[in-house]
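In our numbering, the protein residues as written are 375 to 789. Ideal Cβ positions, reconstructed from N, Cα and C, are used throughout, including at glycine. This one's a predicted model, so the numbers in the text were calculated from it and none came from an experiment. See structure below.
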Ligand SMILES: [Zn+2]
Ligand SMILES: [Zn+2]
């Protein structure tokens, strides 16, 4: 279908009442974050709002919520917003800052903060649903809103797909999503092709043989063995990845032993891999397995145990759909406000929602900071910082306009 780059923006003009309600909604969500896959109150809140708007709404994948807005014949379009907070002690000083706590899987009580800005995503998604509901005569088709839990742990998209998301909801022809970040509020950044890195995290347990520190001949030292692995793993990017391709391999933890005169029975470390290309990912993960196994063999140690912690899929922006969207966004936000950008090394499980049904998807970033903050002497707090505090406006209004532009450019417009 042809793309209407002169979308009727009257449809998403926010009245003062809309704006006040949206800000109230945002402050409420910001003050009440929940940890990944524990978003029960957030989910109940979203479900209630969607029901109130008259959408067909239901829970999916534990704490995920789906809202189906049917409005006659026309394309089916998907829109995803993630809902989870992070174990961070908020230090923004905002009067709506979170003071809530949650529990990690091991029972530890931790402070919780919407430190990645997913509260802006939920606010934008609900506001877009409201505007589409109030302006049914301006468009035709179906919009499927996916409020996804557990993005931070890479669990939520998979949980929703495995719970039959696309059996229960009509299958969209494209899925859109967006993320707030420390860019200029009022602008969006978008990549053509790969948008974000794939990320794989593993825990490796290296087994040796325990002995007295004075009797190394009786041992297989897992610390020395693990250290060789760590050093050798550094050669994967340096010596095995094509110079024009990129990959990051980071070993973020290494633990072994309890006392200086005991050679321990085991040691463990965790590795985090970021890649942009599927073939590079396969190569790096294959090299990791080979090195871990071969170094153990070189030390006469048993085969180490490799456990996957998380795996984030590809986040790939369909180039043609991205170009269409950029044209439409340029018409609404202004050409200068739409910035084509290289992919980022961060990761997302958004791509899985589209990959699961073989449809295209487009994902972009919307700025959360005014020029004055970006130009200031202090470094701008990034996502996951205890100081991350997007300006409410024009951040939220831009997010809503971007979401509405994407959706209205794909459903049938009757204007
Ligand atoms: Zn995050
Ligand atoms: Zn995030």
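Can the beta-carbon of residue 658 be found less than 8 Å from the beta-carbon of residue 623?
yes
For residue 409 versus residue 496, is the C-beta spacing smaller than 8 Å?
no
Segments of 4+ residues assigned as alpha helix (DSSP H) that fall wholly inside the segment 645-684:
652-672
4-residue-minimum alpha helix (DSSP H) runs that sit fully inside the segment 676-746, ordered along the chain:
693-707, 725-729
Along the alpha helix (DSSP H) that carries residue 603, what are the first and last residues, could you check?
596-609
How about residue 437 and residue 398: do their beta carbons lie closer than 8 Å?
no
Residue 379 versus residue 703: straight-line alpha-carbon distance, rounded:
Residue confidence is low: residue 379 scores 49 on pLDDT, short of 50, so the model does not pin down where it sits. No coordinate-derived value is stated.
Cβ of residue 620 less than 8 Å from any chain C Cβ?
The structure shown contains no chain C; it holds only a single protein chain.
Following a CB-centred definition, is residue 757 positioned closer than 7 Å to any heavy atom of ligand 1?
yes
C-beta atoms of residue 644 and residue 627 nearer than 8 Å:
yes
For residue 783, which of helix, strand or coil comes out of DSSP?
helix
For residue 751, does the three-state DSSP call read helix, strand or coil?
coil
Throw me the rounded Cβ distance for the residue 625 and residue 665 pair, which I believe falls under 8 Å.
The pair is not a contact, with the Cβ atoms about 12 Å apart (cut-off 8 Å).
Restricting to Cα atoms, I'd like to know which of 448, 551, 578, 701 is closest to residue 515.
448
Taking Cβ to Cβ, would you say residue 684 is nearer than 8 Å to residue 756?
no
Just to check, is the beta-carbon of residue 553 closer than 7 Å to a non-hydrogen atom of ligand 2?
yes
Taking only three categories from DSSP, how would you classify residue 590?
helix
What did DSSP end up calling residue 378 once you bin it into helix, strand or coil?
Summary for residue 378: the model assigns pLDDT 49, below 50, so the residue's position carries little reliability; its value from the coordinates is reported in the next sentence. Coil at residue 378, not helix or strand.
If we call anything under 8 Å between Cβ atoms a contact, is residue 764 one with residue 750?
no
Would you check whether ligand 2 has a heavy atom nearer than 7 Å to the C-beta of residue 488?
no
Can you tell me whether residue 552 is buried or exposed, with buried defined as 16 or more other CB within 10 angstroms of its CB?
buried
Apart from the five residues just before and just after residue 663, which ones in its own chain have a Cβ nearer than 8 Å to its Cβ?
680
Of the choices 615, 602, 520, 528, whose alpha-carbon is the least far from that of residue 550?
520
First and last residue of the uninterrupted beta strand (DSSP E) at residue 631:
Unbroken run through residue 631: none, as it is neither H nor E.
Range of the contiguous alpha helix (DSSP H) that encloses residue 396
390-405
According to DSSP, simplified to helix, strand and coil, what is residue 504?
helix
In angstroms with no decimal places, state the Cα-to-Cα distance between residue 748 and residue 754.
6 Å
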